[in-house]
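Enquirer: First the structure, then my questions, so here it is.
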Amino acid sequence: MRRSLVRALIRPLAMAATVTAIPLMSAASAGADSVVVGGFPIDVSQAPWTVALASRDRFGGTRAGQFCGAVAVGRTTVVTAAHCLSDDALGSPPNRLRDLKVIAGRTDLLSQQGDEIAVRKIRFNPAYDATTHSGDFAVLELAAPLPQGAVVAMADTGDPAYAPGTQALVSGWGDTTGAGSYPYRLHAARVRVLPDEMCARAFPGGPDGSYRAETMLCAGELAGGPDACQGDSGGPLVARGRLIGLVSWGSGCGRPGLPGVYTRVSEIVRALRPADGAPPSGRS
Ligand code: 4AZ
């Protein structure tokens with residue numbers, strides 16, 4: 370499951386480009402073993418740090434080319450999941466993608482609301498491990514600044530926002546049902562930070578993946594329900610007004626006993642801290 374996530378991400382989204390379905394307003398609840406992402410539509414003003422990663426060249430124009438989420442952490446700095454920008458996900462190296470953009474301030478992908486800003490530079494976390502998804506982040510430099518109001522602070526190590534039980538909000542334009550229903554409107558779901566042991570138990574290694582508490586964060590509801598899903602990858606998990614996670618991976622969406630796995634944002638803070646040595650470098 371884990372190794373197929375990137376392909377799983379790309380397949381439904383590539384298909385979505387040709388789909389003309391009516392946007393879903395929110396995920397319906399369903400039976401015991403069905404997937405539910407349990408979210409609700411929001412206006413981007415409610416989570417203005419949520420931006421879309423988009424390429425119309427690669428993914429078609431139906432949904433403005435949206436293929437992943439990302440987060441504004443500075444006026445010209447956006448973070449996303451490294452796996453969103455892998456050759457595997459994009460079908461070519463990211464620097465070949467001439468029209469890679471961040472879309473900010475837009476609730477509905479069908480609208481012209483907000484700004485589309487070109488990505489000037491991509492820095493991959495040098496410690497990203499594509500096999501385990503450990504350290505799943507990349508830092509993007511934008512060609513023009515975002516409004517200051519779009520920026521969210523990142524939570525450093527020891528921030529109480531990481532405490533298990535903390536309520537958090539995940540937002541994105543990803544699948545709202547787990548069955549390939551991609552909305553035009555931004556959605557959000559309320560989840561809770563869960564103890565690392567829950568994800569360690571759910572993902573001990575093997576087909577469903579392996580959880581590493583140092584670089585990953587566990588969130589969701591143990592009973593299943595609200596969760597991130599394909600197409601939300603790279604997007605924000607915010608608690609107490611601070612960014613604590615980026616949507617990274619999981620096994621299905623909203624399934625009982627299988628929480629969502631997020632990139633632990635304190636790892637990004639650490640990597641970006643000048644005192645820690647060089648900032649993350651890589652292909653650009
Ligand atoms: C994905 O493939 C994905 N339910 C993202 C999040 C989750 C599962 C899969 C978590 O992009």
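Residues in the sequence shown are numbered from 370 upward in steps of one, following the numbering used here.
Cβ coordinates follow ideal geometry from the N, Cα and C atoms, glycine included.
Per DSSP, which one or two residues make a beta bridge with Ile637?
Expert: Ile637 is not bridged to any residue.
Enquirer: Where DSSP assigns a beta bridge to Thr419, which residues make up the other side?
Expert: Per DSSP, Val440.
Enquirer: Can you check DSSP and say which residues form a bridge with Val413?
Expert: DSSP, once it has assigned bridges, lists no residue as partnering Val413.
Enquirer: Could you tell me which residues DSSP puts in a beta bridge with Gln536?
Expert: In the DSSP output, where bridge partners are listed per residue, Gln536 has Arg561.
Enquirer: State the beta-bridge partners of Tyr631 as determined by DSSP.
Expert: DSSP, once it has assigned bridges, lists Leu586 and Val616 as partnering Tyr631.
Enquirer: Quick check: is any heavy atom of the ligand 4AZ less than 6 Å from the C-beta of Cys568?
Expert: For the ligand 4AZ, not one heavy atom lies less than 6 Å from the Cβ of Cys568.
Enquirer: Report the three-state DSSP secondary structure of Arg425 (helix, strand or coil).
Expert: Residue state, collapsed to three classes: helix.
Enquirer: To which residues of the same chain is Leu466 closer than 8 Å at the C-beta, ignoring the five residues directly before and after it?
Expert: Result list for Leu466: Ser424, Asp426, Arg427 and Leu459, in chain order.
Enquirer: Using beta-carbon positions only, say whether Ala530 and Leu606 come within less than 7 Å of one another.
Expert: Cβ distance not < 7 Å, so Ala530 and Leu606 don't count as in contact.
Enquirer: Since Ala507 is in the beta strand (DSSP E), which residue starts that stretch and which ends it?
Expert: First-last of the beta strand (DSSP E) with Ala507: Ala507 to Leu511.
Enquirer: Less than 6 Å separating the Cβ of Ala597 from some heavy atom of the ligand 4AZ?
Expert: Within the cutoff, so yes.
Enquirer: What residues in its chain sit with their C-beta under 7 Å from that of Ile637, if we drop five residues either side in the sequence?
Expert: Hits under 7 Å: Val448, Phe506 and Met523.
Enquirer: Whole angstroms are fine: how far does the CA of Asp412 sit from the CA of Gln517?
Expert: Their backbone Cα atoms lie some 18 Å apart in a straight line.
Enquirer: Is Cys622 near the ligand 4AZ, with its Cβ less than 6 Å from a heavy atom?
Expert: Cys622 Cβ: within cutoff of the ligand 4AZ.
Enquirer: When the Cβ atoms of the stretch 466-477 are set against those of the stretch 620-631, are three or more pairs found closer than 8 Å?
Expert: The answer is no - the stretch 620-631 does not touch the stretch 466-477, with fewer than three Cβ pairs under 8 Å.
Enquirer: Would you check if the distance between the CB atom of His556 and the CB atom of Gly438 is smaller than 7 Å?
Expert: No, the Cβ-Cβ distance between His556 and Gly438 is not below 7 Å.
Enquirer: One question on the structure: do Gly549 and Asp601 come within less than 7 Å of each other, judged by their Cβ atoms?
Expert: Cβ atoms of Gly549 and Asp601: not closer than 7 Å.
Enquirer: Suppose you measure from the CA of Arg492 to the CA of Arg609; what does that come to, to the nearest Å?
Expert: Distance between the alpha carbons of Arg492 and Arg609: 28 Å.
Enquirer: Just to confirm the assignment, what range does the beta strand (DSSP E) spanning Leu606 have?
Expert: Leu606 -> beta strand (DSSP E) spans Pro605 to Ala608.
Enquirer: Could you check if Ser508 belongs to the surroundings of the ligand 4AZ, using beta carbon to heavy atom distance under 6 Å?
Expert: Here the sequence assigns Val to residue 508, which means Ser is not the residue at that position. The answer is no for Val508.
Enquirer: Return helix, strand or coil for Gly518, following the three-state DSSP convention.
Expert: Helix at Gly518.
Enquirer: So within the stretch 444-512, which uninterrupted beta strand (DSSP E) runs reach at least 3 residues, ignoring any that extend past its ends?
Expert: Taking only runs of at least 3 residues, the beta strand (DSSP E) segments lying wholly in the stretch 444-512 are 446-449, 470-473, 484-493 and 507-511.
Enquirer: Counting pairs of Cβ atoms below 8 Å between the stretch 566-582 and the stretch 431-446, do you hit three or more?
Expert: These segments do not touch.
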